[in-house]
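Engineer: Just passing along the structure, written as structure tokens.
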Amino acid sequence: YPFASFQDWELASFLLPSTLSMAAIDRFLGIELIKALPLSYHMAKELCGHAELLPSGPKWQYHVISTEHPMKLPVHLYWRNLLDCIESLFNNPRFSKDIDLVPECIYTTAEHTVQIYGK
Numbered sequence: 001y002p003f004a005s006f007q008d009w010e011l012a013s014f015l016l017p018s019t020l021s022m023a024a025i026d027r028f029l030g031i032e033l034i035k036a037l038p039l040s041y042h043m044a045k046e047l048c049g050h051a052e053l054l055p056s057g058p059k060w061q062y063h064v065i066s067t068e069h070p071m072k073l074p075v076h077l078y079w080r081n082l083l084d085c086i087e088s089l090f091n092n093p094r095f096s097k098d099i100d101l102v103p104e105c106i107y108t109t110a111e112h113t114v115q116i117y118g119k
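Numbering follows the working numbering, with no gaps: position 63 of the sequence shown is 63.
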């Protein structure tokens with residue numbers, strides 16, 4: 001999502017940040033060898049449309065810190081909202097198979113007599 005496969009995404013992640021123009025990407029995607037690939041896009045405009053569907057993730061925020069001592073440049077504190085980060089992780093299909101909310105019991109022995117507790 002929005003790409004059909006990992007290979008589809010891999011090619012897109014190579015083309016999108018490249019210095020190639022839209023016309024050059026169209027010429028590349030028009031090569032018979034590339035046209036034979038099962039891509040979900042066949043023109044640069046379609047590729048950009050797929051990229052725009054990707055989730056943007058949490059926005060960076062900043063605050064200028066005032067100090068008691070004179071500074072050459074202002075001090076900026078950058079952060080992201082923690083709840084937005086958690087929401088982004090839960091909504092990202094890339095991590096859907098890796099997030100497990102079910103607690104598990106870990107034991108130190110094969111007999112399951114001593115359980116390990118942690119945070």
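Beta carbons: idealized from backbone N, C-alpha and C, even for Gly.
1) Would you identify the three-state DSSP class for L53, choosing helix, strand or coil?
2) Output the distance between the C-alpha atoms of H63 and M22, rounded to the nearest integer angstrom.
3) Out of curiosity, what's the CA-to-CA distance linking I31 and A44?
4) From S66 to K59, what does the alpha carbon distance come to, in whole angstroms?
5) Along the chain, where does the beta strand (DSSP E) containing L77 start, and where does it finish?
Structural biologist: Put simply:
1) Taking the first residue of the sequence shown as 1, we reach residue 53 at position 53. It is coil, neither helix nor strand.
2) As a working mapping, residue 63 is identified with position 63 in the sequence shown. As a working mapping, residue 22 is identified with position 22 in the sequence shown. In this structure, the alpha-carbon of H63 lies about 38 Å from that of M22.
3) On the sequence shown, position 31 is the one that residue 31 refers to. On the sequence shown, position 44 is the one that residue 44 refers to. Taking the straight line from one Cα to the other gives about 13 Å.
4) Locating residue 66 in the sequence shown gives position 66, counting from the first residue. Locating residue 59 in the sequence shown gives position 59, counting from the first residue. Pairing S66 with K59, the inter-Cα distance amounts to about 23 Å.
5) Position 77 of the sequence shown, counted from the start, is the residue given in the question as residue 77. V75 to R80 is the span of the beta strand (DSSP E), which, as asked, contains L77.
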